[in-house]
Structure formats: structure tokens, C-alpha cells
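Heads up: the structure comes next, in C-alpha cells.
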Amino acid sequence: MSIKNEFQVHDYLSQLNKSQHEAVVNSHGASLIIAGAGSGKTRVLTYRIAHLLEKGVKPSQILALTFTNKAAREMKLRIATIVGDDVAKYLWMGTFHSIFARILRMEAKKIHYPSSFTIYDTTDSKSLIKSILKEMKLPDKVYKPGDILGRISSAKNDLITPNAYARDVNRMTADKAAQKPMVYEIYTRYMRHCFKSGVMDFDDLLLNTNILFRDNPETLLNYQNRFQYILVDEYQDTNLSQYRIIKKLAEKHHNICVVGDDAQSIYSFRGAKIENILNFRNDYPGYQLFKLEQNYRSTQTIVEAANSIIANNKGQIHKRVFSEKPVGSPIKVLKAYSDVEEGYLIANEVKEQILKQNCSYKDFAILYRTNAQSRIFEEAFLKRNFPYRIYGGQSFYQRKEIKDLLAYFRVVINPNDQESIKRIVNYPARGIGNTTMEKLEAQAIAEDKSIWGVLTTSPLATLNSGTQKKLSGFIQLMLRFMMKVTELNAYDLAVEVVTESGILKELHQDKSVESQGRIENIEELINAIKEFTSNKIEAGESPSLVHFLEEVSLLTDQDTNNDQDDNRITMMTIHSAKGLEFKNVYIVGVEEGLFPSPMSSDTEKQIEEERRLFYVAITRAEDTATISFAKSRYKYGEIKFSSPSRFIGEIDQKFLDISGIDLSSDSSTLAGIPTNRQSFNSPKFQRRESASQPKFNISNQSTSPVNFNFNQIGSKLIPGTRVLHDRFGQGTIISMIGNDNDKKAIIAFDNTGEKQLLLKFAKLKILN
DNA sequence: AACGCATATTTGAGT
DNA sequence: AATATGCGTT
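Add 302 to a position in the first sequence, counting from 1, and you land on the number used in this note's numbering.
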């Protein structure tokens, strides 16, 4: 058999150390693999699956669950290089959400859902909660949609249905104490609405899987038989809902392998239970334990420093992570007086390291606690023309024009999706306004139908004939699309929707740069659909829009265009850096009040999670790690002062290089770093700091910009002129439009694309 | 229905 | 600070 030869060619077992080898070949029964940071976890998982396949297990009998789509894709790819794509493609490998969405679609009838159910993202859910609040006449000042969604989400992750919620004393009293006694009622209506609309949110995908298996023993049995081997990655970050699904599926064969690291559990805020990994031994008493303790990623200094941090946590699974790589350089600690200076210092460091180490931009990562911190570094790098990529924040699929188009698709597939209908009914403008929609919604509630149901089956007596005509035009338009769902593939239908709906026309009429960008985004989406369609046709799978939507709803921007070979500095939150590695890592904003986050500083448990997050951050580094903090930073437009994070003091000082810190300012501590839990919030301390704030001249001498007053020398701004903008960096003027006070320049910026700027406000500088 | 101005909210991480 | 929401005006 050709598979055998493939294995011999790769000779994968010889690439493993002893404990990795054990973890790969002992593939029967229950296994717990504790994988320290950088210990070759992915390699072990990959080879374990390859090994199973070699032993004759069919790929379709293996279920492998990962945390992100990206992890699944990469692992599948690696397995494919060993066993071939024709085998690997039959593996059930993906995130919990995508795998069980797939199963739920097949089994939808059994839980009384349409198999064409659509998936709501957080924005959709919040907007639904808003309309429920309106319906219940509750103030959204008290019942903040985000908060309520969080309560609902937490209930779902704990498998608490609305009925159980009402009986849950803890939740009910907490709601009452928070002056929000109606959460239970909102939850009930939210669930009912989703069910009637044929819609699931992220948590529903897991909750409904539990319900499916609970109420349909024969279906459960079917999947228990199918999945002879189950593997779960990042087990420490599974929630109760996920845990129960796995437990049930593995009940028959007990061939369950979970991989994780309790020291890297960082998602309890969204319901993950670290207990799942800690209690594995109780769930499967005959389990085998494998510990991967050798770190192949980082220098000894980094590994030891990380160990000294995590030693502050209690109740861990004992392990001794070590490295046999060189000792490496100490962890540099940088102090900045302001957030802006922090950006400047880090940019300097990057430049210096690039020259010293002979490495390039892609070897650097800036990791922060909150997405909002990215801006400072974006500005610092733009000024110096450093290429970078920011991950997270607003993703492609969250952009307005993309959501609009996707809403069309969703309505075509599932016309009962009310939030989507509301989104598109008057986009492009059709003269169907709020009043009309409110009447329709009221009627829908009264007749217990969806809005679409009202539109297509009820007499619209309360509306005047003009409005009725407009609505009928919309209905006819959507019906035309719906009739073509099965006949056309995703691409052809998408093209038809963009043109027939008038979206494209609308955007073309608006000549602004913004709508230019929107058209480009729409084109990008259409291209993605084209690629999806041809891939599916090639693979002999269905290229319908239904399947495209399925894939897209569970995608994040982490999963899209990840060109490894383009040479940029990476900027992301520590959460999204989990699982990644970089030669040089900069952990920024390591301050009290930011990291640990004030929202996670109430209990020691929360602090421990923040500490694990810090551990994750440090262990991303291969060669060097740098920590920085700023004494002051802007928050909500106000200057806030802060002191270095307690976590810096928790690192064994012998691993730190604090020469970058000005010792003069605070003598009572080691370079201003509290070595125990003291803080520096005394007014005296703060006043002194604010008075001594230095002004830094950040302008780059080599491109020395000339200050410029547009009224006098505006005529110098002609197409082709190179200019510098504070925020967007360098660019070339494409054209000038407007007159006098409204004069604008259309500028193609090197890093951020085309922008249209009003000269009155844009502080442009001409470059020589 | 589009626009302009005032006020509120965000900055807690992501499937 | 930047963006979102809301209300009143055209």
C-alpha cells in the first residue's frame, strides 16, 4: 500500500523525543497529553493522527477538534503531506463550532430546525436583543445589549435553558441585585425568536448539539459509532457545553485523546472550565498521562523566566518545562513616560535589533492586552515606514458593505432571518422606512409570524398603496433570488444579487473614496466566493451559497489571507497570539490597570488567569522578549497615570535587563518595579511624574518634513507630490478636488491605501 | 430620508 | 480620541 511508503519516506517517528514518541504511538484508550509551551504539541497531534491512519483507522472515523479554523487547516495540511490529500480530506477536523454546525445541518429536522438555519454573529445577536427590549419596553440603558448577551451566553455555555434559568437561584438573584430582573424573560424571548427565525448564535451550535444528543439516543449512537477516535486540542479552554458533547461521544469507545496545558488556560471569561483538564483523570480512570516538557522554541532564559511567573499560581498540574537551547539574552524591560513614547521606544528597539541580528520585520511581534493599544504602534511604525499587519479589531466580515451583502444571502437562504431582513429592506433605499418596518414587526408579533411571513401571507391593510407597492417590489426581487438558489452556484447567484439588488449601482453613483473602497471590498468578497465555488466544484462538493454562508459565518480574520512570506511586523492581542511563535516578542503596556485588566482583578482566580495570559505572552518568544510599560497613557481621551504591572516584579530578577529604566525617579523600589505587591498611586508620586514629562521629537531626520501652510503654498500640492501625514504616513498625491475651504487632496498612502483628506484639517507635510 | 449637531459609549479577550 | 446613537432640522 502506498500509504506505508509515504510513512517510511517521512520517517516521522524518528523526529520525536521519548515522551512525544510515547504520546504518538499509544493511541488506544483515554490519553491526557500535557503539552508545555513550545513542546511540539502540534507535531504530536499530527503524527498521532497519521499513526492511527497507518494502523488502518479510516479517516472518517477520526474526529479532531481544534480551537481555530486556522489550526485545523494547518494540521490537516501537515497530515496530508504524510498520508496524502485523498486520505486527509475525509478527516473530521475543525473547530467545535464548524464541526457541529455541519452535524446540526444534517440532523436539523430532529431538533425542529430548518437545515438552512443561519448563524448570527455577536452584532446580530445584540441587535436582536435591542428589538426585544423595545418590544418589552425596557430601557437599554439599564439592560445593555452587550451585558444581556453575555448573561445569555454564559447560561448557554453552562447548558442552562430559559426554563432552568428561572429555577437557577444564583442567576436570578444576581440579576435582581443588578437591577435587571427581566434577563430571564429576555433570554426566553431571544431563544423563541431565534428558533422561529431558524437562526442560531455561536453558543446555540453547541447547546443544540447537546439537545440533539440528549433527545435522540439513536443519533448519538450513530455518531458514537462513527467517531472511533476523538482528539481535542486546547482542552483547557473547553466549556461545559463542549465538554459534555465530547464526553457523550467518547462514551462508547473511550478512545479519547485530549491535549492541553493548564498553564495556558486563558478563556474562562467566556465560560471555559480549566477543571475539564484537571478532572480528566476522574472521568477516565484508566487514562494514560503524557507530559511534553522539553521546549524547543525558546531560549533557556525565556523558559525559566516564564516558569518563575507561573510559579505564582496555585493548583497546577505539575510539570517541569525546560529548554536545551542557548541561554540567550535577558528579558529587557523598558520604561516610557507616555504611550506615545512607548511606541517610539519600541520602534527604536525593532530598528536596532534588525541591524544587530540581521533579521527582518516578520521576526517581530508586538503583543498587547487590548486591541485599542494597537493605534500607538501603528502610528509609530507609519512614521518610520515599517511594514506591519494588525490582526483582530474589525474584521473584513464585519464591514458594513460586506454585512449588507451577506444579509441578502442570508435572507435568500432563510427569509425568516428577521435581523437580516431589517438590514436590507431599505438598502439600497427603496422608500421603506422605520414606520413601515415597525408596523410590520408589530403585525408579525400579533400574528405570530416572521416579517417575511407577514409580507407574503397577510393582508397589509394598515399600509397605504404606495408603500405596499414598494414592499411588493422587494418581495419580488427576493423571490427571484430564492428561486435560483438550487439552480445557480454561489458565485453566479452572488453576482446576480449584487447587480439586481442595486447595491453596485448605489455604490457607483457615490463617487466618494469611501464607496470606492466599499466596491473594492465587495469585489474581494465576490472573488472569495468565486474561489470557494471553483474549489467545491473541483472537490466534487456542493458549490451552493448555503455552504458558502456556513463557512463564512464561522470565519475570523485570523483565517483569511495569512501570507507568511510577506515581511511585516505582527501586531495582535496576546489572546490571538496563543499557539504562535516569533523570534522577537514585545509585550507592551504591562501596567497595573491594563494588564492585569481591572475587569479581572477582583478575585485571585481572575488574577491567575491574567498571569497565565502573561505566561502565554512570554512563551511566544524564540530569541528575545521585551517588556514595556508607560507611566501615562490616554484612555477615553484622558491622560491616566499608572505604575508597572505586578507581573514584572514576579519574574525572577536574574532574568531581567533593567538597564533601559531610568533609576533616578523612584528610589524605593528596584527601578520602579514593585518586587512585591506594592503600588504607586500616591498623589505625590503622580504629580512628580506628570511634571517631568519630557517632550520627544519623533520626526525622522532623514526624511525631514517641512512645515507647510496650505493657504500660501497650496499650489505646491500637485499630483505626484510626496507628502507625510501624521496618521497615515507617506503617500503620493493623486489629484486635488474642491476649492478654498473645501479643498481636498486624494492621496495614495504607501501603507494604508487611498484616502481623501480635507486640507483644512489634514496636517500634510511636503517631503523633499 | 438625509443631514447636522449633541451626547453617549468604548477599550476585555473571540467562535 | 474616535465612533455610535439620538434627536431635531431641512
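Quick reminder that beta carbons are idealized off the backbone N, C-alpha and C, glycines included. For clarity, every value in this text was computed on a predicted model and none was experimentally measured.
If you draw a straight line from the C-alpha of residue i to the C-alpha of residue j, how long is it?
i: residue 731; j: residue 855; result: 26 Å
i: residue 738; j: residue 474; result: 37 Å
i: residue 842; j: residue 836; result: 10 Å
i: residue 948; j: residue 608; result: 14 Å
i: residue 446; j: residue 427; result: 12 Å
i: residue 313; j: residue 347; result: 16 Å
i: residue 765; j: residue 533; result: 57 Å
i: residue 1068; j: residue 1026; result: 6 Å
i: residue 826; j: residue 711; result: 16 Å
i: residue 673; j: residue 424; result: 17 Å
i: residue 280; j: residue 325; result: Absent from the model: residue 280. The displayed extent of the chain is 303 to 1070, so no value can be given.
i: residue 361; j: residue 910; result: 39 Å
i: residue 795; j: residue 397; result: 28 Å
i: residue 626; j: residue 600; result: 9 Å
i: residue 881; j: residue 922; result: 8 Å
i: residue 552; j: residue 530; result: 8 Å
i: residue 770; j: residue 761; result: 10 Å
i: residue 555; j: residue 523; result: 11 Å
i: residue 960; j: residue 618; result: 30 Å
i: residue 1073; j: residue 729; result: Because the chain here runs from 303 to 1070, residue 1073 falls outside it and cannot be looked at.
i: residue 1108; j: residue 434; result: A question about residue 1108 goes unanswered here, because the residues of the chain that appear run from 303 up to 1070.
i: residue 565; j: residue 579; result: 11 Å
i: residue 515; j: residue 334; result: 25 Å
i: residue 972; j: residue 369; result: Low confidence applies to residue 972: its pLDDT is 45, below 50, so where it sits in the model is not reliable, and the reading given next is rough at best. Cα to Cα, the separation comes out at about 40 Å.
i: residue 589; j: residue 321; result: 16 Å
i: residue 705; j: residue 659; result: 44 Å
i: residue 725; j: residue 713; result: 10 Å
i: residue 933; j: residue 888; result: 17 Å
Residue i: which of the options sits nearest, CA to CA?
i: residue 443; options: 481, 734 and 552; result: 481
i: residue 956; options: 822, 610 and 914; result: 610
i: residue 562; options: 554, 547, 530 and 621; result: 621
i: residue 1075; options: 799, 529 and 635; result: A question about residue 1075 goes unanswered here, because the residues of the chain that appear run from 303 up to 1070.
i: residue 420; options: 905, 716 and 586; result: 716
i: residue 357; options: 486, 470 and 330; result: 330
i: residue 613; options: 1037, 959 and 952; result: 952
i: residue 701; options: 822, 597 and 759; result: 822
i: residue 637; options: 333, 747, 895 and 945; result: 945
i: residue 792; options: 578, 846 and 476; result: 846
i: residue 606; options: 935, 513, 724 and 917; result: 917
i: residue 698; options: 725, 1024, 723 and 824; result: 824
i: residue 517; options: 479, 539 and 412; result: 412
i: residue 680; options: 643, 381, 660 and 372; result: 643
i: residue 602; options: 920, 1022 and 943; result: 920
i: residue 790; options: 850, 740 and 805; result: 850
i: residue 363; options: 692, 1023, 898 and 527; result: 527
i: residue 780; options: 1050, 1037, 798 and 820; result: 798
Check the DSSP bridge columns for residue i and list the partner residues they point to.
i: residue 794; result: Answer is none; residue 794 lacks a bridge partner.
i: residue 886; result: 666 and 926
i: residue 282; result: It is not possible to answer for residue 282, since the shown part of the chain is limited to 303 through 1070.
i: residue 532; result: 365 and 558
i: residue 959; result: 634
i: residue 893; result: 946
i: residue 593; result: 336
i: residue 937; result: 940
i: residue 1032; result: 1026
Residue i and residue j look like a contact to me (Cβ under 8 Å); what is the Cβ gap, rounded to whole Å?
i: residue 547; j: residue 558; result: In fact, because the Cβ distance is near 12 Å, the residues do not count as touching under 8 Å.
i: residue 509; j: residue 575; result: About 15 Å; that fails the 8 Å criterion.
i: residue 591; j: residue 343; result: Incorrect: roughly 15 Å between the Cβ atoms, too far for contact.
i: residue 355; j: residue 378; result: That belief does not hold up - the Cβ atoms of residue 355 and residue 378 are roughly 12 Å apart, past 8 Å.
i: residue 489; j: residue 464; result: 5 Å
i: residue 455; j: residue 505; result: 5 Å
i: residue 487; j: residue 747; result: About 15 Å; that fails the 8 Å criterion.
i: residue 430; j: residue 721; result: 6 Å
i: residue 671; j: residue 896; result: 6 Å
The stretch 617 to 637 touching the stretch 919 to 933, judged by at least three CB pairs closer than 8 Å: yes
Would you be able to state if there are at least three C-beta pairs under 8 Å between the stretch 660 to 672 and the stretch 866 to 876? yes
Examine the Cβ distances between the stretch 394 to 411 and the stretch 567 to 576 and report whether three or more of them are shorter than 8 Å. no
For the pair the stretch 582 to 593 and the stretch 910 to 920, tell me if three or more CB-CB distances fall below 8 Å. no
Below 8 Å, how does it come out for the stretch 747 to 756 and the stretch 679 to 693: are there three or more Cβ pairs, yes or no? no
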